[in-house]
Amino acid sequence: MDLYQAGIRPLLFSVLKADAETLHYQLMGGLERLHRAGDRPPARWLKQRIQQALCCDRPALRQTLWGLEFGNPVGLAAGFDKNGQVADTFAYCGFGFAELGTVTLHAQPGNPRPRLFRLVRDRAALNRMGFNNAGAAAMAQRLQATPQIPSLAFPVGINLGKSKITPLDEAASDYVGSFRLLKTLGDYFVVNVSSPNTPGLRSLQEIDPLDRILSALQQENTEGKPLLVKIAPDLEWGAIADLLSLAQTHHLAGIVATNTTIRRDNLQTTHLPETGNPIADEAGGISGAPLRQRSTDVIHYIYQKTDGQLPIIGVGGIFTADDAWEKIIAGASLVQLYTGWIYQGPWMLRDLLEGLHHKLTEHGLSHLQEAVGLAHRRALTMPGSPAIPSSPSATP
C-alpha cells in the first residue's frame with residue numbers, strides 16, 4: 009500500500025470528509041494551473057518529475073489502432089475532464105490516452121448537488137452529474153489554444169452527449185452540432201447514449217433513433233475520424249446484438265463497454281450518509297468495483313459476436329493489473345479508468361502497466377496485441393478450458 013492509500017486518501021475521505029465533487033474541482037484546479045504554466049522552466053521541471061514518478065514506458069504495451077499511436081493501453085475515462093481543460097497534463101500522469109467530456113452542444117449546469125458520492129465499502133461511486141459542461145463551442149476554444157504534447161503518443165478522444173433541452177426526436181442534430189464544432193480537434197469520438205442521468209437518453213440506444221444519429225454523424229464525418237458508441241451494461245442480450253449489427257452497418261470504429269449501471273444489488277452500502285436515503289432510492293449510475301464483472305462479460309460477448317473485428321474500449325471496475333488483463337483477454341484493445349484511479353491514487357498507473365507487462369511475459373507473449381481476445385482463442389484450443397460467457401453473467 010502506497011502513501012496515497014495509507015495516508016492521503018483516508019485523510020481526504022474520512023478525516024476532512026471532503027465532498028467528492030468539491031475535491032474533484034480542487035484537483036482539476038491544480039492540474040489546470042500546471043497546464044497553463046506551459047513549458048516554462050519550473051513547470052517543465054515539475055512535469056518531468058511527475059512523468060518519471062508515474063509513467064511506465066514499455067514497448068510491448070504500445071500499439072496502433074485506428075491509425076493512432078497509443079503509448080500504452082490505459083486511458084482516462086470520460087467524465088473527469090468534461091471541458092477539455094487539461095488534456096495534455098494527463099499524458100504526464102502515465103495514461104496512454106484520455107477521453108474528454110461528456111460535452112453537449114448547449115452549455116448546461118447538470119443536476120442539482122449533491123450529485124457525486126463515494127461508496128467506500130464497495131470501492132464504487134454513485135454519480136448523477138447530468139452532463140454538466142460549458143458546451144461544445146467552449147471546449148473547441150480551449151482545445152484550439154492547447155499546445156501539442158511533445159514526443160508523446162497520446163490520442164485524445166471526445167465523448168459527445170445530448171443536451172438536456174434538446175427533444176429526443178432532435179437528438180441527431182444535437183450530436184451533429186457538437187461534432188461539427190469539434191471534429192478537427194479530437195482523435196476519436198464517442199457517442200454517449202447510455203448515461204442514466206439525462207432523461208430518456210438511454211432510449212437512444214434503440215435501433216431507430218441510434219440509426220438516425222449514426223447516419224447523421226457519419227455524413228458529417230468528412231475527416232474520417234474514428235467513431236465509437238458507448239453502451240450501458242444493463243442492456244438485454246438481444247439489444248446488444250442489435251446494436252452491434254447497427255455499429256457494423258455504419259462502419260463504426262468500435263464500442264466502449266460500458267457506462268455506469270443503474271443496478272443496486274450486491275452493494276454493501278445500504279444508505280447514503282450525505283442524504284440518509286436508502287441507496288436503492290437514489291438516482292444515478294454506479295461505477296467502480298461492482299461494475300467490473302458485468303462490463304467484462306459484455307466485452308466477452310461483443311468480441312465473440314463480432315469475431316474480434318470490432319475494437320473494444322473496456323471500462324468498469326479496473327483497480328489492478330489483473331482487472332485490466334481480464335478485460336484485455338476478453339477482447340478489449342484499450343481500457344479506461346476513473347473510479348479506480350481515485351481510490352488507488354496516482355501511482356496506480358505505473359503499477360498497473362508494470363503488471364500488464366509481467367502478464368505478457370508470464371503468458372509467453374511478446375506484445376499486448378497478442379493478448380487481445382486471448383481467452384477466446386485458448387478456449388478453442390485447450391480442452392477443459394472454462395466456458396466463455398455468451399451473455400452478461402447477471403441478467404439485467
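In our numbering, the protein residues as written are 9 to 404.
Each residue gets a CB set at the ideal place from its N, CA and C atoms; glycine is no exception.
**Request:** Measure the beta-carbon distance from N135 to R123 and round it to whole angstroms, keeping in mind my assumption that it falls under 8 Å.
**Result:** 7 Å
**Asked** Looking at R188 and E231, is the spacing between their C-beta atoms short of 8 Å?
**Response** no
**Message:** Rounded to the nearest angstrom, what separates R150 and V94 at their Cα positions?
**Reply:** 9 Å
**Request:** Could you check which residue in L364, A291 and A115 has the C-alpha nearest to that of A133?
**Result:** A291
**Message:** Taking 8 Å as the threshold (C-beta atoms), are L382 and L318 in contact?
**Reply:** no
**Request:** In the DSSP assignment, find the unbroken alpha helix (DSSP H) run with V306 in it and report its ends.
**Result:** R300 to K313
**Request:** Report yes or no: is there a C-beta of chain B within less than 8 Å of the C-beta of R302?
**Result:** Absent from the structure: chain B. Only one protein chain is present.
**Request:** Taking only the alpha-carbon atoms, compute the straight-line gap between A224 and L54 and give it to the nearest angstrom.
**Result:** 44 Å
**Request:** Count the other CB atoms, across all protein chains shown, that sit within 10 Å of the CB of D216; report buried if there are 16 or more and exposed otherwise.
**Result:** exposed
**Asked** Are the region 274–285 and the region 302–309 touching by the rule of at least three beta carbon pairs closer than 8 Å?
**Response** no
**Request:** Could you have a look at I320 and say whether DSSP puts it in helix, strand or coil?
**Result:** strand
**Message:** On the CB-based measure, 16 or more other CB atoms within 10 Å of its CB, does H308 come out buried or exposed?
**Reply:** buried
**Message:** I'd like to check one pair, I326 with G353: are the Cβ atoms closer than 8 Å?
**Reply:** no
**Request:** Taking 8 Å as the cut-off, decide whether the C-beta atoms of V201 and T266 are in contact.
**Result:** no
**Message:** Suppose only complete runs of 4+ residues qualify. What are the alpha helix (DSSP H) ranges in the region 99–186, listed by chain order?
**Reply:** 144–152
**Prompt:** Helix, strand or coil: how does DSSP classify P49 here?
**Reply:** helix
**Asked** How big is the Cα-Cα spacing for I287 and L35?
**Response** 27 Å
**Asked** Using a Cβ-Cβ cut-off of 7 Å (strictly less than) and excluding sequence neighbours within five positions of E334, which residues of its own chain qualify?
**Response** T304
**L212 to E29 span [Cα, whole Å]** = 28 Å
**Asked** How many Å lie between D27 and H114 at the Cα?
**Response** 27 Å
**Message:** Are the CB atoms of L342 and G83 within a distance shorter than 8 Å?
**Reply:** yes
**Asked** Over what stretch of residues does the alpha helix (DSSP H) that includes S202 continue unbroken?
**Response** Run containing S202: none; DSSP gives neither H nor E here.
**Asked** Mapping DSSP to helix, strand and coil, what is I215?
**Response** helix
**Prompt:** Can at least three beta-carbon pairs, one atom from the region 37–49 and one from the region 63–71, be found at a separation below 8 Å?
**Reply:** no
**Message:** Quick check on the DSSP output: what are the complete alpha helix (DSSP H) runs of length 4 or more inside the region 236–286, in order along the chain?
**Reply:** 245–257
**Asked** For D219, which option in L254, G293 and I239 has the closest C-alpha, if you only look at C-alpha atoms?
**Response** L254
**Message:** Is the separation between the beta-carbon of V184 and that of N141 shorter than 8 Å?
**Reply:** no
**Asked** From H263 to L280, what does the alpha carbon distance come to, in whole angstroms?
**Response** In the sequence as presented, His is not what sits at residue 263; that position holds Ile. Whole-angstrom Cα-Cα distance: 32 Å.
**Asked** Cα separation between P158 and D96?
**Response** Because P158 sits at a pLDDT of 47, beneath the cut-off of 50, its placement in the model cannot be relied upon, and the point is left open.
**Request:** Please name the residue in P81, Y33, E378 and R131 whose C-alpha comes closest to that of L299.
**Result:** R131
**Request:** Rounded to whole angstroms, what's the CA-CA distance from V164 to H371? Just pull it up for me.
**Result:** 31 Å
**Message:** Just to confirm before moving on: does the CB-CB distance between Q116 and K172 stay below 8 Å?
**Reply:** yes
**Item:** Three-way DSSP call (helix, strand, coil) for S341 in this model
**Value:** coil
**Message:** Considering Cα atoms alone, identify which of A338, L361, A146 and M356 is closest to A387.
**Reply:** A338
**Prompt:** Under three-state DSSP, which class holds G325?
**Reply:** coil
**Asked** Could you check where the alpha helix (DSSP H) with Q34 kicks off and where it finishes?
**Response** A28 to R44
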